[in-house]
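Heads up, my numbering is the position in the sequence shown plus 7, with the first residue counted as 1.
Okay, so here's the structure we're looking at.
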Amino acid sequence: MKLLRRTMTTGGMLTPRLHVPRQVWFQSGAKFIAIESKFAACEELFLALQTCRRGVYGDFVSGLYQSESANGGIRNLDGNAVNRVLDEFDPIVETVRRDLAKKLRYLELDGNKNTGGRTLQKWGSLLTRSFSSIGSKKAEKVADLSAYIELLSRLFNLCEMLEDWMTHFERTKSFESNLVVDRLGKVSQFFESTILVFIVKDFEILMERYLKKMGQIALLPV
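Next up, the structure:
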């Protein structure tokens with residue numbers, strides 16, 4: 008997710024062979040399915056994760072989340088506090104999953120399957136996954152994607168917090184830690200099977216459009 012977010016903020020390498028300029032994400036006039044539903048879902052998740060952050064770290068936190076994994080990990084993270092915020096976050100995940108499944112037929116309907124581990128970090132394989140038919144929904148042209156992409160960037164930033172929690176509790180061997188890891192694994196699976204699926208699909212639309220434009224420019228007479 009960090010790599011994907013970087014392409015949105017500054018541009019960068021998404022895979023060892025694919026560099027994505029920032030402007031790919033901010034093209035106008037592209038057509039998308041259910042863009043309003045996607046925005047609403049991501050906004051709901053972002054606000055819920057902000058609540059989780061305050062519930063664990065306190066009301067004083069603000070601004071972008073700064074990952075602690077590069078600074079030796081998190082110390083004194085309260086497992087009870089994490090469980091409490093997940094009690095509130097889990098029902099929101101289920102609501103978002105159901106609402107999106109109604110709008111986007113290509114999403115996995117069985118969101119309860121837990122693939123475990125760090126699925127939040129395993130989105131790369133989605134780039135080569137083939138997608139099924141999107142049904143009868145019609146794509147709508149979007150004049151300005153900036154609010155949507157900026158929201159995705161902020162959402163991905165807060166997902167780094169979940170990854171840090173996973174790292175911490177995987178290293179802490181206790182019944183409470185195992186419970187937290189299991190719950191975070193289910194949240195991770197949701198992001199992989201639902202959120203990242205439609206984001207990558209939107210990215211494919213934008214990338215195809217960008218490459219077509221670049222091809223047309225390359226054919227212009229000098």
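All C-beta atoms, glycine included, are put in the ideal place defined by N, C-alpha and C.
Notebook entry, point to check: Given Ile99, which residues of its chain have a CB within under 6 Å of its CB, disregarding the five upstream and five downstream residues?
Noted result: Ala55
Check: Which of helix, strand or coil does DSSP assign to Val230?
Finding: In the structure as shown, the chain begins at 8 and stops at 229. Residue 230 is therefore absent and cannot be evaluated.
Check: Hey, out of Trp172, Phe46 and Val31, whose CA is closest to Leu162's CA?
Finding: Phe46
Next item on the list: Give the C-beta separation of Glu147 and Phe33 to the nearest angstrom, bearing in mind that I take them to be a contact with Cβ-Cβ under 8 Å.
Entry: Between Phe33 and Glu147 the Cβ distance is about 18 Å, and since that is not below 8 Å, they are no contact.
Check: Quick one: what does DSSP say Gly124 is sitting in, helix, strand or coil?
Finding: Bear in mind that the predicted position of Gly124 carries a pLDDT of just 43, short of 50, making it too unreliable to give a figure here.
Notebook entry, point to check: Which residues in the same chain as Asn164 place their Cβ atom closer than 8 Å to its Cβ, once the five residues preceding and following it in sequence are excluded?
Noted result: Arg12, Leu71 and Tyr72
Next item on the list: Specify, as a first and last residue, the run of the beta strand (DSSP E) that Phe96 falls within.
Entry: Element bounds for Phe96: not the beta strand (DSSP E) but the alpha helix (DSSP H), Gly86 to Lys110.
Notebook entry, point to check: For Ile42, does the count of other Cβ atoms within 10 angstroms reach 16, so buried, or fall short, so exposed?
Noted result: Buried, because 16 or more other Cβ atoms sit within 10 Å of the Cβ of Ile42.
Note to self: Taking contact to mean 3 or more Cβ pairs, one atom from each stretch, closer than 8 Å, check whether the stretch 197–208 and the stretch 105–115 are in contact.
What the structure shows: yes
Next item on the list: Please look up how many angstroms separate the CB atoms of Val92 and Val187, rounded, as I've assumed it's under 8 Å.
Entry: Not quite, the Cβ-Cβ distance comes to about 11 Å (not below 8 Å), so this is no contact.
Next item on the list: Using the Cα positions of Val63 and Leu169, report the straight-line distance between them to the nearest angstrom.
Entry: 12 Å
Notebook entry, point to check: Roughly how many angstroms lie between the CA atoms of Ser184 and Asn83, to the nearest whole one?
Noted result: 13 Å
Notebook entry, point to check: CA-CA distance, Met15 and Ser35?
Noted result: Across the structure, Met15 and Ser35 are spaced so that their CA atoms are roughly 15 Å apart.
Next item on the list: Excluding the 5 residues preceding and the 5 following Val103 in the sequence, name in chain order all residues of the same chain whose CB lies nearer than 7 Å to its CB.
Entry: Ala48, Glu51 and Leu52
Next item on the list: Report the rounded CA-to-CA distance for Gln244 versus Ile156, giving the unit in angstroms.
Entry: No answer is possible for residue 244: it lies beyond the span of the chain, which begins at 8 and ends at 229.
Margin query: Using 8 Å for Cβ pairs, my map puts Asp106 next to Ser160. What's the rounded Cβ distance?
Written below: Incorrect: roughly 22 Å between the Cβ atoms, too far for contact.
Checklist line | Exposure of Val194, with buried meaning 16 or more beta-carbon neighbours within 10 Å | finding: buried
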